[in-house]
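The structure under discussion appears below in the form of structure tokens.
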Amino acid sequence: YNFPPFSTGETGFLRGPKRREIGHGALAEKALLPVIPNENEFPYTLRIVSEILESNGSTSMASVCASSLALMDTGVPIK
Numbered sequence: 001y002n003f004p005p006f007s008t009g010e011t012g013f014l015r016g017p018k019r020r021e022i023g024h025g026a027l028a029e030k031a032l033l034p035v036i037p038n039e040n041e042f043p044y045t046l047r048i049v050s051e052i053l054e055s056n057g058s059t060s061m062a063s064v065c066a067s068s069l070a071l072m073d074t075g076v077p078i079k
């Protein structure tokens, strides 16, 4: 979950993750963990990155929805 300052019209440095990125990333991970298969069923590594380009609502919910669609599109057997 990447949320650069220009997403909300702000200015700032793109250094490390901020409090919002850590919190919303953890929220998205917590929402997706129940649908991801265990290692015995799907022995592959998954990497999901959500790049927020503009914010005008619930970006964490949009990240969860887009991530679940991406998992289905790539053939991951979600529960």
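Anchor point for the sequence shown: position 66 equals 66 in UniProt numbering, and the numbering is continuous, going up by one each time.
Heads up, the beta-carbon is just placed ideally off N, CA and C, and yes, glycines get one too.
- Query: For residue 2, which option in 33, 11, 44 and 18 has the closest C-alpha, if you only look at C-alpha atoms?
  - Reply: Distances from the alpha-carbon of residue 2 to those of 33, 11, 44 and 18 put 18 closest.
- Query: Unbroken alpha helix (DSSP H) runs of length 4 or more, entirely within the UniProt domain "Exoribonuclease phosphorolytic" (1-77): which are they?
  - Reply: Within the UniProt domain "Exoribonuclease phosphorolytic" (1-77), the complete alpha helix (DSSP H) runs of at least 4 residues are 19-32 and 59-73.
- Under a Cβ-count criterion, where at least 16 other Cβ atoms within 10 Å of its own Cβ denotes burial, should residue 63 be classed as buried or exposed? Residue 63 should be labelled buried.
- Alpha carbon to alpha carbon, how far is residue 76 from residue 26? Roughly 21 Å separates the two Cα atoms.
- Query: Rounded to a whole number of angstroms, what is the C-alpha to C-alpha distance between residue 16 and residue 53?
  - Reply: Residue 16 and residue 53 have their C-alpha atoms spaced approximately 17 Å apart.
- Below 8 Å CB to CB, which residues in the same chain sit around residue 68 once its five sequence neighbours on both sides are set aside? 32, 35 and 78.
- Burial state of residue 28, where buried means 16 or more other Cβ atoms lie within 10 Å: Classification for residue 28: buried.
- If we ignore side chains and look at the alpha-carbon of each, how far apart do residue 87 and residue 14 end up? An answer regarding residue 87 cannot be provided, because it is not within the stretch 1 to 79 covered by the chain.
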